Structure formats: structure tokens, C-alpha cells
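Protein chains: 2
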Amino acid sequence: MEVAEFFLKFLIILISAKFFAEMFAYLHLPGVLGEVTAGIILGPSLLGFVKVDAIFYLLAEIGILFLLFEVGLETDVGQVVKVGVQSFLVAITGVLLPAAAGFCISNYIFHLSLMVSLFIGGTIVATSIGITVRVLVDIKKHQTKTAKIVLGAAILDDIIGVVILAILYDFAVKGSVSVYDTAKVLGFIAAFLLIAPVITKLLTPLIAKASLKSRTQGTIPTIMVSLILAMAFISHKIGAPGILGSFAAGIALARRFFLPLGSTIDHYSPGLAEKIEENMKPIINLFVPVFFVVVGASINLKAIDLKSVTFWQMAGFLTSAAIITKMISGIWVKGSLMTKLSTGIAMVPRGEVGLIFAEVGKKSGIFNDLVYAIIVFLVALTTLVAPVLLRFVMKGEE
Amino acid sequence: MEVAEFFLKFLIILISAKFFAEMFAYLHLPGVLGEVTAGIILGPSLLGFVKVDAIFYLLAEIGILFLLFEVGLETDVGQVVKVGVQSFLVAITGVLLPAAAGFCISNYIFHLSLMVSLFIGGTIVATSIGITVRVLVDIKKHQTKTAKIVLGAAILDDIIGVVILAILYDFAVKGSVSVYDTAKVLGFIAAFLLIAPVITKLLTPLIAKASLKSRTQGTIPTIMVSLILAMAFISHKIGAPGILGSFAAGIALARRFFLPLGSTIDHYSPGLAEKIEENMKPIINLFVPVFFVVVGASINLKAIDLKSVTFWQMAGFLTSAAIITKMISGIWVKGSLMTKLSTGIAMVPRGEVGLIFAEVGKKSGIFNDLVYAIIVFLVALTTLVAPVLLRFVMKGEE
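So the protein lines, in turn, are chains A and B. Position one of the first sequence corresponds to residue 971 (this note's numbering), numbered consecutively onward. Position one of the second sequence corresponds to residue 971 (this note's numbering), numbered consecutively onward.
See the structure below:
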């Protein structure tokens, strides 16, 4: 890409994301929806201006890493552990029900082949952790108990989703599934989730020293971004989503993260936590919207043939199932019906993961254009509608 | 590029830049040299780890835009205008002498063709504004009078360099030069330099309002980066270097920039200037080193055949000429011999522009491998040696 073209495209992505986010916020809708809308408008659905060029795809990946890092920073591990069982039950239910529903609808009602039905079931599983988290932040509910349960469930759900994709893909290519390989990946992920925050935490005194003794500028942002990239790289290498790494890094640097043998970050270096937040905020705020614009630009609504009856039938069944099954998954949450409902709705948005599944399915020839278009429709609808619902349902929650 | 590969490469660029910058700063050398050294080590000269992938090239371009924006922010236009005549004379001398010397050495001593000699003359003209400015910042002399003269001269020199390249390239391709086209480009650039800061300045009340009324996060960094990209894009489109645009944007937002009909930025919105600086510093500090690592990684020292006698003869003559002619250009500065000398030395580093010229020359078949290697040697030497000299010469300056 030409330098001038890059400047122009980056500029338009930033400005349109900001413009639509402000507009949506003004209408009391989550700003993140404005950013996705900007992406839909700029992308192939409408203007076709932003082909998701490799560079913006990579910048978007950095954006989602930063978002999960920020969420980690503000997470109190103690509280997440406290609601751990509920998160786990929500995640498992939110995986099993949609997968089963998706498979049954495809296989028994629309008589698609076993492989295609399995893939559809896998595709509609994963909650978009990015959308969910940003919506909670946008409507200022990210410190509620519901938010903690949803966060834990969405992360588990993401991991399970990626593992399912890997298994199904193996099955499609080789015709068999290796239980050993699957167990290995799950073992690695579990080990990583336990070890990564501890290692990062042990690095804290070093980071504090480096930032104090540094003779050059920008030591804190450089070290932080490097740490995030390193953790994401390791996470990616062991087969987990990169965001797991940046989330672990964030958790370790959170003010409320204690280690049995250690102390909080404030103890090592008073003020370091504030400095990290101050330095990272502008960088995070600059890159996160790029991710959501790219998500929007990845949705090609033109792929949808609105005149096809089969499309509307299947899209209707699958999307309804995708919404209802996730809403049911909130049943495990202790509290009022409203709390159960808001947890369920928070799990509804499918986003980047669903689109990645659909792409893989299409490229490997498992999905035809019709099925692909249905998944795109399902992702677009759950992404755009759930946040609006959530805002109304969570109004009173604390 | 794979996402994981991108994370890893970005991480290594950031960490090695920081490590070498710290090491050089510890040895009382400008940190920027450490970053270029990191690039030379990572690049094809040694490890061959960082092929300058398109994405890092583009991120580097953003880095240099940010650097010039920051320099603009800290520039007092009044003072630059005050030393304008001296800057102008330094720039003109610093263009004419090296071009003439380069041409004569190539044509009369080494009997190269007219076209090749002209191109060599053009290639060794442009001072690396990036290196010069960063060195002055690194050794904390960027607020001296010398720095102001050098800044003005280096910018002029960059513009003249780009125009010369355009003319020579036209000449090489078409065999003739259009005086009209050249005049047009120069006219556009002059108009841009006058109008751009004024327009940006007039946007300030709008920016202030937007940042106050915004309901979303990260409005200031997003608007600032968008503004920088927009100005760079326009600047690029009219035929000037993109950095001219970001510099103009910085100048307009500087606290000391007055307009006949306007007021300073502090008047429109007290505290806005501080907020801009606070928000932009981490972003600037993250990206600027990427630029210098990429400059280092663009230098392929392996292109140099150290056993060639012709290489050493030509490289010796041309590099000496490139250094001495720029040192002479400082003669116009009012003040002691030391001031004249430090101005001249500050103009010595050739960097990115020289390398771009050399690439163009090589790709269009005008430069053979020998001439290309000589230019690479000249760029590497002037880039690495001048900053060290400058540090010693400017020690007492204020």
C-alpha cells in the first residue's frame, strides 16, 4: 500500500469510528455499536472503501489485545474467582445449548450434511468477548457482579470455541480427532492461565526499576506494549487466543492482584499503577476502535440474498436459537430474574470469532454461499441488537 | 503476515530499540543512534530478522510524522522566523555545495556518466531531519538558537531535496524537465506552509469544544492523530514530504503560535495544550523508535564490497565531501566559530531521504551495485558519526 493511501484510510477509519461512536452515545446507545456501524458503512456492505487490508487487520488485532489488557487491569481476580462456578456453568451451558440447537436445526430440519451441521453448531457458539466487554464499559456496568460473571464466562467460552474449531477442522481434514492433541492444548491453556499472571507479577519490580532508572523517553508505554505482545504471542503459540495473553498481563498488573508470596503493585513502586494507566489510556483508546471498525468491515451484507426463502427460514431459526440458548445460559446466576436475563443477553453477541469460523468454513468448502450468508446475518444481528437490549435490561443493576 | 509473527516482530523491534537506546544513553551517546544500531543489527546487515515488511515501513512513517508533530508543538514560530534568513542561507549552501561536489567528484574524477553524476549529487543533498532533530532532543539542545536555525534549514533542505529528486527522475525518464511543473510544486508547497497552520489554528476552538463535549473516550488522541494524518496526506498529495504536514499541525497547536486575528491555544481552552501533550506523549514515544529501527534495517552493509579499491576511493571522496560541504554551510550563522561549526555538523546526517534516493536510483537502473553501496556507506557513516561529534561540539551551547 502507498504511504498516502495508508494515511488516508487510517484517518477515515479513526474519524468515522469517532463520529459514529459519538452519535450512538448521544442516542444513549453503546459507542462500540457506532464503531461497528462505521465499519459496515466503510466496508463491502456499502461503500467498499475499506477492504480489510492486511495492515488494518493487524492493527485491529493490537486493538483487541489492548482492550483485554485494559479489562484485565480493572479486574479484581478475587471477585472473578468468587463467581467462578457461576461463570463456568454459564459458559458450559452457553456452549452446549447453541451447538446442539445449531446442529439439530441444520441436520434435522434443513437436512444438511453431518459435517456442515457440526460446523454450523461450532460457529454459533463463541460469544464476542470484545463486543460484550466494550458494551459493559460503554454503559458503565463493567464493575457489576453480572459483568464479572459474563467476563469469566465469555473468556471460557472463547477458549472452548477455539478448541472446538480446531477439533472440527481436524475432523474435516483428517476424518478423525486426536483426543491427545485436544487434551494437550487444553492443558497448555490452563497452565498458561495459571502461570502467566504470576510471571508477569514477578516481573513487576523489574519494570518499576527500569521505569525509574531509564534515561530515555517512553519507557513505560514501550515496556507495557512489549509485555502485551509477548504474552499474546506465547498464548497464540500454545493454541489459545492472543487476547488471553494480554488479559493475563492486565490482571497481573492490576492494583488488586495479590500473590501468596508477593504484594500489590503499589507496594513495589508507589504510583506505578497510575503511571501505567496514564500512559496506556491514549494508546488503548486510539487502537481499540480500529478493531471494531474492522469487525464491521468484515461483515459483507451484500452476501445475503434477501429474496431467498430458504435464507429467511434458516436465518430465522438459527438466529432465534442463537439468541434464546445464550439467554437461557444465564439461568445459573444467583439473583433476580433480571440478573439472569441480563447475563444471558450479555452472552448473545457473536462477532469476530463467528466471522472467523464462517471464513474458515467457506474457504475449506464446507459452507456454501447460502450458509455463509446466514452466519453473517446471525453475527450482524446478535452483535447489533444484544447491546441495545442489554442497555435497557441492565439499567437498574449495580 | 501471520498475526503471531507480527506480534513477535513488533515486540522485538520495540524491545531492542529500547535496549540499545538505553545503552547508548548510558554511554552519553544520543539514544537515537541506539535505535538505528538496533535496526542495523536486526536488518539484513547482520541478523536479517527484520526484512522491512510493508507494515513496519508504514508504522515507521507514522513514527516520523509524530516526531515532527512533537517538534512543531515545541517550536516557537516567531523565533524560527527571526533566524529565517540564516536558516535559508544554511539550507541553500547545504544544497548547492554537496550537489556540486558530488557531481564533480563523480563526473570529473571517476568519469561516471552525466546522469549518474547528477543523481549522486542529488542523493547526497538532503539532511536527515529525523536524525538531526532527535539528536538535538536527546542531548537536550533542541531549544537553542542553533537548533532553531538547523530545524528551519533541515526542513527547507528536505523540500529542496524532494524537488530535486522529482526533477532528476523526470529528466531520467523523459529526457526533459518541465519548469512549469517544478514551479507548480514549489508554489503548492509554499502555499501549504502558509495556509496549513492557519487552518489548523482556526480548527482549534472546534477541537476544544469536541474534547469537552465528547461522550466517548480517547477523543483527544483520536482527533490529534487524525489531524496529523490529514495534514500529512494533503502535504504528500501536493508533492511535499508528509512530515511537512505534521510539522505544520504541531506548529499550529503550539502554545506560542499567534494569529493576527486569533489568540493562543490557551485562550480558547485553558489546559487544552497540556491535555494534548499528555495524551500524545505515550503514542509518540511508542512509534518514533520504530522509524529509526526501520532506517537502520534499511541499511544493508552487506551490499558493501570492502575489498574493492574503487569503492574505498569513491566512498572516501564522496563521504568527505558530504561532511565538509555541510560543515561549511554553517558559515552563515551569526556567532562564534563553535556555533557555526555545530550548525554545520547538525546538518551532516543523511538518512532516510538518502536511502530513498539510492533505492530509486538502483531500481531505475541509474545506480549500479557499486554506486549504491557507496551511498549506503555514506548514509551510515554520516548518520552514526555526526551525532557523536555534535554532542561534543554543542556541550557548552545554550
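Beta carbons: idealized from backbone N, C-alpha and C, even for Gly. Here the structure is a predicted model, which is why all the values come from computation and not from measurement.
Going along chain B in order, which residues have a C-beta closer than 8 Å to the C-beta of residue i?
| i | result |
| --- | --- |
| residue 1207/A | 974 |
| residue 1028/A | 971, 973, 976, 1025 |
Relative to the C-alpha of residue i, which candidate in the options has its C-alpha closest?
| i | options | result |
| --- | --- | --- |
| residue 1012/B | 1266/B, 1179/B, 993/B, 1098/B | 1266/B |
| residue 1091/A | 1341/A, 978/A, 972/A | 1341/A |
| residue 1177/A | 1242/A, 1187/A, 1210/A, 1122/A | 1242/A |
| residue 1246/B | 1263/B, 1222/B, 1273/B, 1264/B | 1222/B |
| residue 1041/B | 1331/B, 1217/B, 1268/B | 1217/B |
| residue 1335/A | 1005/A, 1304/A, 1085/A | 1085/A |
| residue 1119/B | 1166/B, 1312/B, 1145/B, 1070/B | 1312/B |
| residue 1329/B | 1139/B, 1225/B, 1355/B | 1139/B |
| residue 1096/A | 1316/A, 1224/A, 1200/A, 1031/A | 1316/A |
| residue 1331/B | 992/B, 973/B, 1087/B | 1087/B |
| residue 1215/A | 1353/A, 1182/A, 1167/A | 1167/A |
| residue 1310/B | 1320/B, 1321/B, 1361/B, 1297/B | 1297/B |
| residue 1264/A | 1362/A, 1209/A, 1015/A | 1015/A |
| residue 1073/A | 975/A, 1359/A, 1360/A, 1284/A | 1284/A |
| residue 1219/A | 1000/A, 1201/A, 1048/A | 1201/A |
| residue 930/B | 1075/B, 1207/B, 1360/B, 1059/B | As shown, chain B starts at 971 and ends at 1368. That puts residue 930/B outside it, with no answer to give. |
| residue 1043/B | 1339/B, 1151/B, 1170/B | 1170/B |
| residue 1128/A | 990/A, 1142/A, 1211/A, 993/A | 1211/A |
| residue 1306/A | 1116/A, 1071/A, 1337/A, 1269/A | 1116/A |
| residue 1364/A | 1344/A, 1308/A, 991/A, 1175/A | 1308/A |
Name the chain B residues that come within less than 7 Å of residue i, Cβ to Cβ?
| i | result |
| --- | --- |
| residue 978/A | 1203 |
| residue 1256/A | 1188, 1191, 1192, 1195, 1253 |
| residue 1001/A | 1186 |
| residue 992/A | 1184, 1185, 1186 |
Is the CB-CB distance between residue i and residue j below 9 Å?
| i | j | result |
| --- | --- | --- |
| residue 1249/B | residue 1252/A | yes |
| residue 1094/A | residue 1348/A | yes |
| residue 1099/A | residue 1038/A | yes |
| residue 1135/A | residue 1327/A | yes |
| residue 1054/B | residue 1131/B | no |
| residue 1052/B | residue 1193/A | no |
| residue 996/A | residue 1185/B | yes |
| residue 1256/B | residue 978/B | no |
| residue 1089/A | residue 1198/A | no |
| residue 1114/B | residue 1106/B | yes |
| residue 981/A | residue 1196/B | yes |
| residue 1050/A | residue 1262/A | no |
| residue 1002/B | residue 1357/B | yes |
| residue 1023/B | residue 971/B | yes |
| residue 1287/B | residue 1075/B | yes |
| residue 1033/B | residue 1254/A | no |
| residue 1318/B | residue 1359/B | yes |
| residue 1314/B | residue 1299/B | yes |
Taking the continuous alpha helix (DSSP H) assigned at residue i, which residues delimit it?
| i | result |
| --- | --- |
| residue 1049/B | 1047–1052 |
| residue 1185/B | No alpha helix (DSSP H) contains residue 1185/B, which DSSP labels as neither H nor E. |
| residue 1279/A | 1279–1298 |
| residue 1211/B | No alpha helix (DSSP H) holds residue 1211/B; DSSP gives it neither H nor E. |
| residue 986/A | 973–996 |
| residue 1365/B | It is not in any alpha helix (DSSP H) - residue 1365/B carries neither H nor E in the DSSP assignment. |
| residue 1308/B | 1307–1316 |
| residue 1273/A | Where residue 1273/A is concerned, there is no enclosing alpha helix (DSSP H), given that its DSSP letter is neither H nor E. |
| residue 1114/A | Segment: none, residue 1114/A is in no alpha helix (DSSP H) and carries neither H nor E. |
| residue 1002/A | 1001–1012 |
| residue 1324/B | 1322–1333 |
For residue i, which residues in chain A fall below 8 Å Cβ to Cβ?
| i | result |
| --- | --- |
| residue 995/B | 1185, 1186 |
| residue 984/B | 1192, 1195, 1196, 1199 |
| residue 1338/B | Here the premise fails: no neighbours, minimum Cβ distance about 27 Å. |
Determine the chain A residues that contact residue i at a beta-carbon separation under 7 Å, and present them in chain order.
| i | result |
| --- | --- |
| residue 1062/B | Here the premise fails: no neighbours, minimum Cβ distance about 28 Å. |
| residue 1249/B | 1252 |
| residue 981/B | 1196, 1199, 1200, 1203 |
So residue i contacts chain A; which residues on that side make the cut at Cβ distance below 9 Å?
| i | result |
| --- | --- |
| residue 1241/B | Within 9 Å Cβ-Cβ: nothing; residue 1241/B doesn't reach chain A, min ~16 Å. |
| residue 1212/B | 973, 974, 977 |
| residue 940/B | In this structure chain B extends from 971 to 1368, so residue 940/B is not present and cannot be described. |
| residue 1031/B | 973, 976, 977 |
Original post:
Whole alpha helix (DSSP H) runs in the region 1234–1265 of chain B with 4 or more residues, listed along the chain?
Top reply: If we require 4 residues or more, the alpha helix (DSSP H) runs fully inside the region 1234–1265 of chain B come out as 1235–1238.
Original post:
Going along the chain, which unbroken runs of the alpha helix (DSSP H) with 4 or more residues stay wholly within the region 1028–1101 of chain A?
Top reply: Runs of the alpha helix (DSSP H) inside the region 1028–1101 of chain A: 1047–1052, 1054–1074, 1084–1093.
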